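Single-structure report; data block below.
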Amino acid sequence: MQSNVELAIVELPYADWHDTLAIFQHFAHEPWAILLDSADAKHPNSRFDILLRHPQQTFCWPESDGSSSQQPFAQLRDFLTNKQLKPLPAEYQHLPFQGGLAGLFGYDLGRTLEQLPNMAEQDIDLPDLAVGYYLHALIIDHQEQRCFALQPSDSADSPTAFWRPNGVRSENPEFRLTSDWQSNVSADQYMQRIGQIHEFLRAGDCYQINFAQRFQADFSGDPWQAYVHLRRANHAPFSAWIKLPQGVILSLSPERFLQVDANGRVETKPIKGTLPRREDPTDDQAQINALRHSSKDQAENLMIVDLLRNDLSRVCLPGSVQVRKLFAIESFNAVHHLVSTVVGQLPADAQSLDLLSAAFPGGSITGAPKIRAMEIIDQLEPHRRSVYCGSIGYFSLHGHSDTSITIRTLCCVHNKIYCWAGGGIVIDSVAEREYQETFDKVAKILPVLTSLSQSQRSA
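Mapping of the sequence shown onto this note's numbering: residues 105 to 563, in sequence order.
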């Protein structure tokens, strides 16, 4: 039985409400507080910040009692199907989020879709699915310089009272690392496993396999301070903060996974191909030119474009899946990336959650063919990926959705902080270069937190 959802919307003065961090810091430590953060990035996808708190309902998988009564994607789809949004006035229809689901889809949620060998150790105490149903939202449009508060029409609180807390924010202990970063594979083990991947490639198991190492350190203090510093260092357009009862996710992702607009138009932007930034502008331009003309990186990218064309075609209308851009360069604070754009059109009876289920996890962080690549990843990586290489995003009641690939993503659980970096391995990959690329990708993450900790010790 469908339930009707009616939302009230109030526009707030942008001059008073544009500072996303100043507003959200008061709620960052609430369970289920979410910030979907464009992070002041100078990027085409950096228009909106979406602040969410006080979900009406939450969904986790596995459930807290260890049960899994329903396939999680199907459960969420059924939930959204039973919600009918009363349309907002036409002047607000451009808003990307109009109440709905938002949260984390961890990489290992893929185990509910495919049978994997379960060889990697699960040692991070976070759910693979952590999604809330939110009717309270603050949406800051930095392009138009406007701010909108959404809430249930029968809400007793005014938007100002809901988003401006009473009293002074309590000061939390300063964030600092209390140990050095440690990887779950040594340099020698990494090289050896690249050799194993090459054997799989030569045997015809796959065309490309994504392989990652995980970094871990002990910490004390407030992870929100870590997020603020990482945000400033990276300015990643798909940044996010999620506070769960079990821990915190800090994402500095540059990569869109799937966007679906209210008319069912689909866009995915896979990243494959990376070179580090250089301080000298001439050297930096040379890096761009080298990446643009790299036959190896183009081959990696094209494999994933073909994989995503296939994944989108499982749900999209026949003939609608097209490659809009191939091998475009996008530059971020630490690296240059090779990015392609694939588009499609959903049929009228399909939801964006159907598309997420069909394409999950994203092919850019598995390899191709996807299932065999995931089996090999489970065999070669010592630990399950948890939040890494999953997705963070939202599914609005009016049909719009947007999700990231959770690369450049960390989590904090039980005073341990974890971060991952990997890359797509193909037959002509050089192990030493691939190993260095993993450090290039976290060059604005691990050293930033190390430096922050050292500065606080000396203060």
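Think of the CB as a built atom: it goes at the ideal place given N, C-alpha and C, for glycine as much as any other residue. Everything numeric in this text was worked out from a predicted model, so none of it was measured.
Pair within 8 Å by beta-carbon distance, residue i and residue j
{"i": "K373", "j": "R360", "result": "yes"}
{"i": "L254", "j": "Q160", "result": "no"}
{"i": "L406", "j": "Q391", "result": "no"}
{"i": "L180", "j": "L457", "result": "yes"}
{"i": "A321", "j": "S283", "result": "yes"}
{"i": "A340", "j": "R215", "result": "no"}
{"i": "P57", "j": "F279", "result": "An answer regarding residue 57 cannot be provided, because it is not within the stretch 105 to 563 covered by the chain."}
{"i": "L230", "j": "C515", "result": "yes"}
{"i": "C251", "j": "E115", "result": "yes"}
{"i": "N288", "j": "R335", "result": "no"}
{"i": "F315", "j": "D245", "result": "no"}
{"i": "G494", "j": "L208", "result": "yes"}
{"i": "M478", "j": "E218", "result": "yes"}
{"i": "D482", "j": "A224", "result": "yes"}
{"i": "F436", "j": "P358", "result": "yes"}
{"i": "D401", "j": "G377", "result": "yes"}
{"i": "L362", "j": "L459", "result": "yes"}
{"i": "P191", "j": "D506", "result": "no"}
{"i": "A178", "j": "R157", "result": "no"}
{"i": "I298", "j": "E538", "result": "yes"}
{"i": "S468", "j": "I353", "result": "no"}
{"i": "K347", "j": "A132", "result": "yes"}
{"i": "S343", "j": "D123", "result": "no"}
Residue range of the unbroken beta strand (DSSP E) whose run includes residue i
{"i": "K187", "result": "K187 to L189"}
{"i": "A132", "result": "That residue, A132, is in no beta strand (DSSP E); it is neither H nor E in DSSP."}
{"i": "A316", "result": "Q312 to S324"}
{"i": "N108", "result": "S107 to V109"}
{"i": "D245", "result": "A241 to D245"}
{"i": "I549", "result": "Counting along the chain, I549 falls outside any beta strand (DSSP E), and DSSP gives it neither H nor E."}
{"i": "G204", "result": "G204 to F209"}
{"i": "A454", "result": "Taken as a continuous stretch (DSSP letters only), A454 belongs to no beta strand (DSSP E), as it is neither H nor E."}
{"i": "R360", "result": "R360 to V364"}
{"i": "D532", "result": "Premise fails: D532 is in no beta strand (DSSP E) and is neither H nor E."}
{"i": "G351", "result": "G351 to S357"}
{"i": "A344", "result": "F342 to L348"}
For residue i: DSSP bridge partner residues
{"i": "V443", "result": "I375 and A432"}
{"i": "A126", "result": "In the DSSP output, where bridge partners are listed per residue, A126 has none listed."}
{"i": "Q285", "result": "In the sequence on display, residue 285 carries Trp and not Gln. DSSP lists no partner for W285."}
{"i": "S142", "result": "None, per the DSSP bridge assignment."}
{"i": "K520", "result": "D322 and V517"}
{"i": "W165", "result": "L233"}
{"i": "T507", "result": "G497"}
{"i": "Y196", "result": "In the DSSP output, where bridge partners are listed per residue, Y196 has none listed."}
{"i": "Q255", "result": "A112"}
{"i": "F152", "result": "D245"}
{"i": "G527", "result": "F315"}
{"i": "R280", "result": "S324"}
{"i": "Q449", "result": "R369"}
{"i": "F250", "result": "For the record, residue 250 in the displayed sequence is Arg; it is not Phe. DSSP, once it has assigned bridges, lists D245 as partnering R250."}
CB-CB length for residue i against residue j, believed under 8 Å
{"i": "G184", "j": "Q449", "result": "This sequence places Leu at residue 184; Gly is not what is there. 20 Å between Cβ atoms; not a contact."}
{"i": "Y498", "j": "A206", "result": "4 Å"}
{"i": "G325", "j": "P277", "result": "4 Å"}
{"i": "S399", "j": "V427", "result": "Actually they do not touch by this definition, with Cβ atoms about 18 Å apart."}
{"i": "D212", "j": "R476", "result": "That pair is no contact at about 17 Å."}
{"i": "L189", "j": "Q202", "result": "6 Å"}
{"i": "L412", "j": "A463", "result": "7 Å"}
{"i": "I509", "j": "G466", "result": "5 Å"}
{"i": "W345", "j": "L139", "result": "4 Å"}
{"i": "G204", "j": "L233", "result": "Contact doesn't hold; Cβ gap of about 15 Å is too wide."}
{"i": "A472", "j": "I529", "result": "In fact, because the Cβ distance is near 12 Å, the residues do not count as touching under 8 Å."}
{"i": "D544", "j": "V446", "result": "Their Cβ separation, rounded to whole angstroms, is 26 Å, which puts D544 and V446 out of contact at 8 Å."}
{"i": "H441", "j": "P269", "result": "Rounded, the Cβ-Cβ distance is 38 Å, inconsistent with contact."}
{"i": "I496", "j": "C523", "result": "The pair is not a contact, with the Cβ atoms about 15 Å apart (cut-off 8 Å)."}
Continuous alpha helix (DSSP H) stretch holding residue i: start and end
{"i": "K545", "result": "A535 to K545"}
{"i": "W267", "result": "P263 to W267"}
{"i": "F304", "result": "A291 to R306"}
{"i": "D227", "result": "Counting along the chain, D227 falls outside any alpha helix (DSSP H), and DSSP gives it neither H nor E."}
{"i": "P327", "result": "P327 to N338"}
{"i": "A119", "result": "Y118 to W121"}
Cβ-heavy atom distance, residue i to the ligand SAM, below 7 Å
{"i": "H504", "result": "Among the components modelled here there is no ligand, and therefore nothing to report on the ligand SAM."}
Exercise for the section: Scan the region 377–425 and note each continuous alpha helix (DSSP H) run of 4 residues or more that stays entirely inside, going in chain order. Expected result: 385–396 and 399–417
Problem - Whole alpha helix (DSSP H) elements within the region 463–501, 4-residue minimum - result: 474–484
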